[in-house]
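K.L.:
So that we are looking at the same thing, I have put the structure below in structure tokens.
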Amino acid sequence: MSIAHWPVAERPREKLLERGASVLSDAELLAIFLRTGIRGHSAVDLGRDLIRRFGSLSGLLCAQEQDVTALPGLGPSKVAQLLAVRELAHRALREEMAATNILDSPERVSDYLRLLMGGHEVEVFMVIFLSVRNHILTAQELFRGTLTETRVYPREIVRLALRHNAAALILAHNHPSGEPEPSMPDLLVTEALQRLLREVDIRLLDHVIVTRQQTVSLAARGYC
1 MSIAHWPVAE RPREKLLERG ASVLSDAELL AIFLRTGIRG HSAVDLGRDL IRRFGSLSGL
61 LCAQEQDVTA LPGLGPSKVA QLLAVRELAH RALREEMAAT NILDSPERVS DYLRLLMGGH
121 EVEVFMVIFL SVRNHILTAQ ELFRGTLTET RVYPREIVRL ALRHNAAALI LAHNHPSGEP
181 EPSMPDLLVT EALQRLLREV DIRLLDHVIV TRQQTVSLAA RGYC
């Protein structure tokens, strides 16, 4: 049923104006951007379907442009609206990161990495080089693999860390499959790098696995 036929108090726009944005569900907030639904689906239904398709709201906002444009039943107008919402979210996070240029909490690390890596379709290995106060010196994509693997060269990472005069590193790679659990190769690479970095007095703060829906910290699991 079209939202126009809902009780006024239950319509997303009216609910937001009356009670505030925090009381709306993710699907209702999306519905305000989408404005109308498609045949047989209200805008809220459509928002709910989109979130379900990508696994979460953050998964939708990290989706590749081609994934959004390929969604069935959406015309150019709604695709443009979704891409605009996604880009606004990314720009807001970039502004926040640029203002401080520091990774001082697990939450900021997670947000930063999902912004950079969450939508990749192939496996990518990235290293964030940090100062003694955890300011970002640089973040570099070092290796790129197939859908299921990438090849990592620990000594190359150590060489770059010394070149950048880094005091600490955060490693990150994505799992395009969406499976967040670390593999045995992930753990072995972490162990090898930690051993080499210890020899040159550089700290390995974390190795983070990134998917569209979430991140997994190996440090939080005791591997770093």
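Counted from 1, the sequence shown has number 44 at position 44 by UniProt numbering; the numbering is strictly sequential. Positions of the beta carbon are idealized from the N, C-alpha and C atoms, including for glycine.
(1) For Gln213, which of helix, strand or coil comes out of DSSP?
(2) Could you give the distance in angstroms between the alpha-carbon of Val8 and the alpha-carbon of Asp111?
(3) State yes or no: is the beta carbon of Ala89 nearer than 8 angstroms to at least one beta carbon in chain B?
(4) Using C-beta distances below 6 angstroms, list every residue in its chain close to Leu205, excluding the 5 sequence neighbours before and after it, in chain order.
(5) Secondary structure at Arg11, three-state DSSP: helix, strand or coil?
(6) Given Arg11, which residues of its chain have a CB within under 7 angstroms of its CB, disregarding the five upstream and five downstream residues?
(7) Check whether the Cβ atoms of Ala27 and Arg13 sit closer than 8 angstroms, and answer yes or no.
(8) Just how far apart, CA to CA, sit Lys78 and Leu34?
(9) Spatial neighbours of Ala89 within its chain, please: CB distance less than 8 angstroms, with the 5 preceding and 5 following residues excluded, ordered by chain position.
(10) Suppose contacts are defined by Cβ-Cβ distances below 8 angstroms. Is Leu115 in contact with Arg94 by that definition?
(11) According to DSSP, simplified to helix, strand and coil, what is Asp201?
(12) Here's a check: name, in chain order, each residue in its chain whose Cβ is nearer than 7 angstroms to the Cβ of Ile202, leaving out the five neighbours to either side.
(13) Return the first residue and the last residue of the beta strand (DSSP E) that Leu115 is part of.
(14) If you follow the alpha helix (DSSP H) that Gln66 is part of, which residue opens it and which one closes it?
(15) Taking all protein chains shown into account, decide if His120 is buried (16 or more other Cβ within 10 angstroms of its Cβ) or exposed.
(16) Throw me the rounded Cβ distance for the Leu29 and Ile38 pair, which I believe falls under 8 angstroms.
(17) Within the continuous beta strand (DSSP E) that includes Leu29, where are the two ends?
(18) Rounded to whole angstroms, what's the CA-CA distance from Arg221 to Arg159? Just pull it up for me.
P.N.:
With the structure as the only source:
(1) The residue you call residue 213 lines up with position 213 of the sequence shown. It is coil, neither helix nor strand.
(2) Locating residue 8 in the sequence shown gives position 8, counting from the first residue. Locating residue 111 in the sequence shown gives position 111, counting from the first residue. When rounded, the distance between both Cα atoms is 36 angstroms.
(3) Here there is only one protein chain, and chain B is not present.
(4) Translated into positions along the sequence shown, residue 205 becomes position 205. Once the five neighbours on either side are set aside, the close Cβ partners of Leu205 are Ala168 and Ile170.
(5) Numbered from 1 along the sequence shown, position 11 holds the residue referred to as residue 11. Coil at Arg11, not helix or strand.
(6) Counting from 1 along the sequence shown, the entry for residue 11 is found at position 11. Excluding sequence neighbours, Arg11 sits near Ile3.
(7) Start at 1 with the first residue of the sequence shown, and residue 27 comes out as number 27. Start at 1 with the first residue of the sequence shown, and residue 13 comes out as number 13. The answer is no: Cβ separation not under 8 angstroms.
(8) Within the sequence shown, numbered from 1, the residue matching residue 78 stands at position 78. Within the sequence shown, numbered from 1, the residue matching residue 34 stands at position 34. Cα to Cα, Lys78 sits roughly 6 angstroms from Leu34.
(9) To locate residue 89, count along the sequence shown from 1; it is residue 89. Answer for Ala89: Leu61, listed in chain order.
(10) Along the sequence shown, one-based indexing puts residue 115 at 115. Along the sequence shown, one-based indexing puts residue 94 at 94. Yes.
(11) For the purposes of this step, residue 201 is taken as the residue at position 201 of the sequence shown. In the structure shown, Asp201 sits in coil (DSSP, three-state: anything other than H, G, I, E or B).
(12) Here the question's residue 202 lines up with position 202 in the sequence shown. Contacts found: Ala161, Ala166, Ala167, Ala168 and Leu169.
(13) Start at 1 with the first residue of the sequence shown, and residue 115 comes out as number 115. From DSSP, Leu115 is part of no beta strand (DSSP E) but of the alpha helix (DSSP H) over Pro106 to Met117.
(14) Against the sequence shown, residue 66 aligns to sequence position 66. Glu65 to Thr69 is the span of the alpha helix (DSSP H), which, as asked, contains Gln66.
(15) Residue numbering aside, residue 120 sits at position 120 when the sequence shown is read from its first letter. By the 10 Å Cβ count, His120 comes out buried.
(16) Your numbering for residue 29 matches position 29 in the sequence shown. Your numbering for residue 38 matches position 38 in the sequence shown. Actually they are not in contact, since the Cβ atoms of Leu29 and Ile38 sit about 18 angstroms apart, beyond 8 angstroms.
(17) In the sequence shown, counting from the first residue as 1, residue 29 sits at position 29. Note, Leu29: premise wrong, no beta strand (DSSP E); alpha helix (DSSP H) at Asp26 to Leu34.
(18) Looking up residue 221 in the sequence shown gives position 221. Looking up residue 159 in the sequence shown gives position 159. Cα to Cα, the separation comes out at about 27 angstroms.
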